[in-house]
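Asks: At position 3 of the sequence shown the residue is numbered 103 (the working numbering), and the sequence of numbers has no breaks.
Even glycine gets a Cβ: it sits at the ideal position worked out from N, Cα and C.
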Amino acid sequence: MPFMKPSPIALALSLLFALGASERACAQESVQQLLRQIEEEKDEVPLSIIRDLAKHGTSESLEAMCRAVKILKKPSRLSVAYYSFKHFNTNASLSKDSVDFLMKEIVSRKTAIARLAVTGLGGLMPSAENALLEVAKKNQDTQCRSIALKPLLDYFQENPKPENLTLLLDNFVPKKSGKSSKLIEILEGFPLPEHRKDFERRLLDEKYPLVRKLLLLQVLLGSNSQGLEDLALKCLNNPNPSITLSALRVAQRHNLPLSKKTLNRLGKHADPAIRMTALVTLVQGNENSKEVAKKLRKWERSRDPVQRQSAANAYGLLALDVCIPALEVLMQDSTFSVRHDAIMTLQQLRHPTALEALISGLDHRDEMTSGMIQKTLRSLTGEGFGASKHMWKKWWGDHRAGFTFPTEKEVEYRLRNLEEISSGGATSVAFFGLPVISNHVAFVIDTSSSMLNDFSSTSHYGDTTGTRLSTAKAQLLIALKGMPDGSRFNIFTFGAKGESWEESLVKLNSKTRASVKKYIERLTPTGQTAMFDALELAFNDREVDTIFLLSDGVPSGGKIDDPDLILNEIQRWNQTRRIPIHCVSIGGPTHLLRKISRETSGEFFQVN
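(1) Using only the alpha-carbon positions, how far apart do E456 and S556 sit?
(2) Suppose you measure from the CA of H540 to the CA of L178; what does that come to, to the nearest Å?
(3) Between the alpha carbons of D463 and K489, how many angstroms are there, rounded?
(4) Whole angstroms are fine: how far does the CA of G484 sit from the CA of K360?
(5) In the structure shown, what three-state DSSP assignment does I647 receive?
(6) Taking Cβ to Cβ, would you say V536 is nearer than 7 Å to A572?
(7) Could you pull out every residue in the same chain whose Cβ sits closer than 8 Å to the Cβ of C244, ignoring the five residues on either side in sequence?
(8) Is there contact here, the region 397-412 with the region 373-386, by at least three beta-carbon pairs under 8 Å?
(9) Would you tell me roughly how many angstroms separate the C-alpha atoms of Q575 and K276, rounded to the nearest one?
(10) Under 6 Å: does the beta carbon of R500 sit that close to some heavy atom of the ligand NAP?
(11) According to the Cβ coordinates, are R678 and H369 closer than 7 Å?
(12) Let's test the definition: count the other Cβ atoms within 10 Å of the Cβ of G653 and tell me whether it reaches 16, buried, or not, exposed.
(13) Cutting at 6 Å between CB atoms, please list the residues of its own chain near Y183, excluding the five before and the five after it.
(14) Go to H490, then tell me how far its alpha helix (DSSP H) extends in each direction, as first and last residue.
(15) Counting C-beta neighbours from all protein chains within 10 Å, is the total for Q474 16 or more, i.e. buried, or is it exposed?
(16) Work out the CA separation of A154 and S227 for me, nearest whole Å.
(17) Who are E599's beta bridge partners in DSSP?
(18) Leaving out five residues before and five after E428 in sequence, what residues of the same chain have Cβ atoms less than 6 Å from its Cβ?
(19) Between L292 and I545, what straight-line distance do the alpha-carbon atoms span, to the nearest angstrom?
(20) Look at R450 and F503 and say whether their C-beta atoms are less than 7 Å apart.
(21) May I ask you to report which of helix, strand or coil DSSP gives Q432?
(22) Given L665, which residues of its chain have a CB within under 7 Å of its CB, disregarding the five upstream and five downstream residues?
(23) For my contact list, V606 and R588 are in at a C-beta cut-off of 8 Å; report their separation, rounded to the angstrom.
(24) Using only alpha-carbon positions, find the residue among A630, A634, L635 and P680 that is nearest to S656.
(25) Beta carbon of V422, beta carbon of A393: below 7 Å?
(26) Use the C-beta contact count for E636: other C-beta atoms within 10 angstroms, 16 or more gives buried, fewer gives exposed.
(27) Indicate whether M454 and A412 have their beta-carbon atoms separated by less than 7 Å.
(28) Report all residues from its chain with a CB closer than 8 Å to the CB of Q137; omit the five preceding and five following residues, and keep chain order.
(29) Sorted by chain position, which residues of the same chain lie with C-beta nearer than 7 Å to D585's C-beta, five sequence neighbours on each side aside?
(30) Return the chain-ordered list of same chain residues with a C-beta closer than 6 Å to the C-beta of K659, the five sequence neighbours on each side being excluded.
(31) Of all the options L420, W673, Q257 and N640, which has the alpha carbon lying nearest to the alpha carbon of L345?
(32) Just to check my reading of the structure: V438 and A414 have Cβ atoms closer than 8 Å, yes? What is that Cβ distance to the nearest angstrom?
(33) I'd like the span of the beta strand (DSSP E) that includes S685, first residue to last.
(34) Using the Cα positions of P663 and V380, report the straight-line distance between them to the nearest angstrom.
(35) Please determine, among E285, S323 and P339, the residue with the shortest C-alpha to C-alpha distance to L303.
(36) Given this structure, state the Cα-to-Cα distance separating G627 from D143, to the nearest angstrom.
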């Protein structure tokens, strides 16, 4: 038979077949090799090997993954293994088999491991939808139920059924189940009037978790409360101050009827934020200006700084000839928060006489107060004469006649093109470049495990050999070295829990400098990131008027680790403290720290 030369097409097909066979052989060999490595190294196997095994996405690799899970014991390895099942989600049959396998793991494993398997199910959505619903409804472990909600949030938003509302109200845990802001958005999409009794019962239930009560009150605070806002009135007697204040804010926002008796009672509350909110609400609802003026004069002379601060907030309700002289007096108060609010009220008046009052207060002996007045004058006028009272008075003399306040855009434009003239007030003391101008400072430092990570910086704040914590220690020592003797300070740390160096602020001198240096050098990273707990300790010291907060990550562990709820508590504490929180982000996420600094009138710095 004569030899026949194969056609080009036949050659190409045979080559493709050969290549396919070769790839299949390599893939088969690769799966076997990866599984063999897991069998040999067990819990010491690199995490990348586990991921690579699942990434093959074949029935063979699925079978191998199921075998690998039975070999692994360490939670760190099992967590990666369970989550890697997501790579089978592109094939309907393999996805279903993966869901079935993980459900068996959830049922058969110990609770701590079962929680990891529930997290793994989330990577198999939408195939895992029914399985996750079953976990959320029937699993005996509260954390398993909470974790199961996170991948189901979009489903709940699209299906506002009564049974889904119950699942959310009874199982949602911030972070484990998703962002609290997402829950609020979802709840607002339910027909809330139909579930009035469900809301009321949970708000009044002493055993219902505090965090969930606060979230329900956040729903009532919003513009889509659907007529349920009056339920907040039933929470005004709650023993927890966070609940009472949130309920009072709902009443304020929606102009709910509050009797004088109730407001007077809350005006004597032990919690300063509740006290001030109630007092200001009391005078806001009084149309008799003479009565209001009489009450504010009484508060202005009170020994209670909260009453004086309430007066500073409420004087703006009265005529200019009454309020501005009073605010000038309060701007000289012995308590910073009172001075702060008097300055803020003068700013809100946007009147030439108020501007004059601010200029008169520029030479205040307290640097923080003087700095705040400078910032306020800048934002009102777009001018930048710094701390120079002489320059401000000269400028005002030239511009007073016919003066009109510039718009916000005009101010921004002027400041962008202005080289600010400053006659002093600057300080050489700084923490990561952020000026330290207070003499009552709290340094709140992250000592979680991740602070052990290597850290090199393009700025002069890091080097190629240090860690995040060693960099923070070095800058903390530099700041303390620059602070003058007599300054008062304390150091708070947060890892697995919040801790303080001393019980209260300590005066800087040669003895305390040596002591704190040894303490800082001994700091070691450990555990999670209990940021809330350390901030709470710092706010509990009534002398603290400035906080420097340094962290490399998002909160985890501690009393509260949901960012939105942490912000909510900071707002409550700071309502009567007005403490600026200057934030430093070192090698980690910045969103929360940016928000904290912005909402407390602090500065933010990211170490790159």
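Replies: On the basis of the coordinates in this document:
(1) 49 Å
(2) Their Cα atoms are separated by approximately 48 Å.
(3) 7 Å
(4) 45 Å
(5) strand
(6) no
(7) I206, T211, A214, R215, V218 and V235
(8) yes
(9) One C-alpha to the other measures close to 34 Å.
(10) No copy of the ligand NAP occurs in the structure displayed, which carries no ligand at all.
(11) no
(12) buried
(13) Around Y183: G220 and G223.
(14) K489 to H499
(15) buried
(16) If I take the Cα positions, the gap works out to 17 Å.
(17) T593
(18) Around E428: A457.
(19) 42 Å
(20) No; because the gap between Cβ atoms is not below 7 Å, this pair is not in contact.
(21) coil
(22) P274, S280, V311 and L314
(23) 7 Å
(24) A630
(25) yes
(26) buried
(27) Checking the sequence, you will find Ala at residue 454 rather than Met. Their beta carbons are not under 7 Å apart, which means A454 does not touch A412 by this criterion.
(28) V145 and I149
(29) L608 and N609
(30) Answer for K659: F632 and D633, listed in chain order.
(31) W673
(32) About 12 Å separates the Cβ atoms of V438 and A414, ruling out a contact at the 8 Å cut-off.
(33) Residues I681 to I686.
(34) Each residue's alpha carbon lies about 28 Å from the other.
(35) P339
(36) 21 Å
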